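Here the protein sequences come in this chain order: A and B.
Under my numbering, residue 182 is the last one in the first sequence; the count climbs by one each step, no gaps.
Under my numbering, residue 1088 is the last one in the second sequence; the count climbs by one each step, no gaps.
Cβ coordinates follow ideal geometry from the N, Cα and C atoms, glycine included.
The model shown is predicted, which means the values in this text are computed figures rather than measured ones.
Report on one structure; see the data block that follows.
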Amino acid sequence: MPVLTPSTEEARIYECIVLFSLQLSEKEYAQALASIEQIFEEKGGKKLAKDVWGKQGLAYPIKKQTEGQYVVYLYELSPESAQAIDAALILEKPVLRHLLVKIPKHYEFVTFAERASAWAKEKENEVQEKEKEREETLKQKMIHRAAKAAPPKEASKPLVPDAGGSLEEKLGEIISDEDLRL
Amino acid sequence: MPPPRPSPPRNTAQNDPHLPPPGKRPCPFCLKGIAWIDYKDYPILKKFTNYFSSIKKRYYTGVCLRHQKMLKTAVERARFMAIIAYRK
Chain A
1 MPVLTPSTEE ARIYECIVLF SLQLSEKEYA QALASIEQIF EEKGGKKLAK DVWGKQGLAY
61 PIKKQTEGQY VVYLYELSPE SAQAIDAALI LEKPVLRHLL VKIPKHYEFV TFAERASAWA
121 KEKENEVQEK EKEREETLKQ KMIHRAAKAA PPKEASKPLV PDAGGSLEEK LGEIISDEDL
181 RL
Chain B
1001 MPPPRPSPPR NTAQNDPHLP PPGKRPCPFC LKGIAWIDYK DYPILKKFTN YFSSIKKRYY
1061 TGVCLRHQKM LKTAVERARF MAIIAYRK
């Protein structure tokens, strides 16, 4: 999504997140969504984006409910109407919580599905990195153990046993070879 | 009398051997070039809150003051919307 800028000087872009109760039937839920969008439209809001998160668990119970459904809206509003909408949303019965905030600079709208896929990828990467680290540490441990278990090295012996002057003869032969070009 | 045993590390994350010592850690948000912190981003908020879901100290996480203030507003908003708990 490109960088969001309001169309007029007076208008601002607001992000509204609404938490609906999960005890609503499908019909009631649709009605609640419609009524909230109507509130925004009445105040002259211009809808830019909408993202439905679906059923989510809550970190703490609200009105004895442990689950709810979040919906995120992105609206272009005037500051006065934003205030009025904030007050109007409190009166909505199916709404457990709502938050209407101005978007920060360099804001990017990301849907819940996109975010979830990014989280899954990050998790996978983390798991892979951890496994790699574990393997490396295991390898180093094995090397360390092998070095400990190996008997101490004997005094270094000459690699080629001395064959009593035969080597010198051979060398002499090779050097005296006329075909050899050094 | 035997010598006193060394006390075990209190928090493994705070004493991570791969990280520079606390107080000298780089800001993880500045490293990624993050301009704003989203209150809807649960994994990031979880990373910077402890078991009791209070915000971790800057001394241990290395977050710069600018980003710590952003983090604070994000955590407060997320708490209000029941994305993260106030207190566990």
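Of the residues B:N1050, B:F1080, B:L1071, the one whose Cα lies closest to the Cα of P61 of chain A is B:F1080. E108 of chain A has its alpha-carbon roughly 13 Å from the corresponding atom of K102 of chain A. For P1043 of chain B, the chain A residues whose Cβ falls inside 8 Å of its Cβ are W119, E122, in order along the chain.
About 6 Å separates the Cβ atoms of Y75 of chain A and F40 of chain A, confirming a contact at the 8 Å cut-off.
Rounded to the nearest angstrom, the gap between the Cα atoms of E15 of chain A and E135 of chain A is 46 Å. Interface with chain B (8 Å Cβ-Cβ cutoff): P152 of chain A is excluded.
Judged by pairs of C-beta atoms under 8 Å, the stretch 81-91 of chain A does not touch the stretch 114-130 of chain A, as fewer than three such pairs exist. Counting C-beta pairs closer than 8 Å gives fewer than three between the stretch 52-60 of chain A and the stretch 128-142 of chain A, which falls short of the contact rule. In its chain, beyond the 5 residues on either side, S1053 have a beta carbon closer than 6 Å to the beta carbon of A1085 of chain B.
CA-CA distance, T137 of chain A to A1074 of chain B, rounds to 38 Å. Put simply, the backbone Cα of K1024 of chain B is about 14 Å away from that of L1031 of chain B. For the stretch 1066-1085 of chain B, the set of positions with a beta-carbon nearer than 7 Å to some beta-carbon of chain A reads R1077, F1080, M1081, A1082, I1083, I1084, A1085 in chain order.
The three-state reading of DSSP puts R97 of chain A in strand, counting E and B together. Non-local C-beta neighbours of I1034 of chain B in its own chain, meaning closer than 8 Å and more than five positions away in sequence, comprise H1067, ordered along the chain. Assignment of D51 of chain A by DSSP, reduced to helix, strand and coil, places it in the strand class. Taking a C-beta distance under 8 Å as the contact criterion, L24 of chain A and I13 of chain A do not qualify as a contact pair. Taking 8 Å as the CB threshold, H106 of chain A lines the interface with chain B.
Around the beta carbon of H98 of chain A, a 10 Å sphere encloses 16 or more other beta carbons of the protein chains shown; the residue is thus reported as buried. Taking 8 Å as the upper bound for CB-CB distance, L19 of chain A and L96 of chain A are in contact here, some 5 Å apart. Counted as a single uninterrupted DSSP element, the alpha helix (DSSP H) harbouring Q31 of chain A occupies residues 26-42. Under the three-state reduction of DSSP output, V72 of chain A falls in the strand class.
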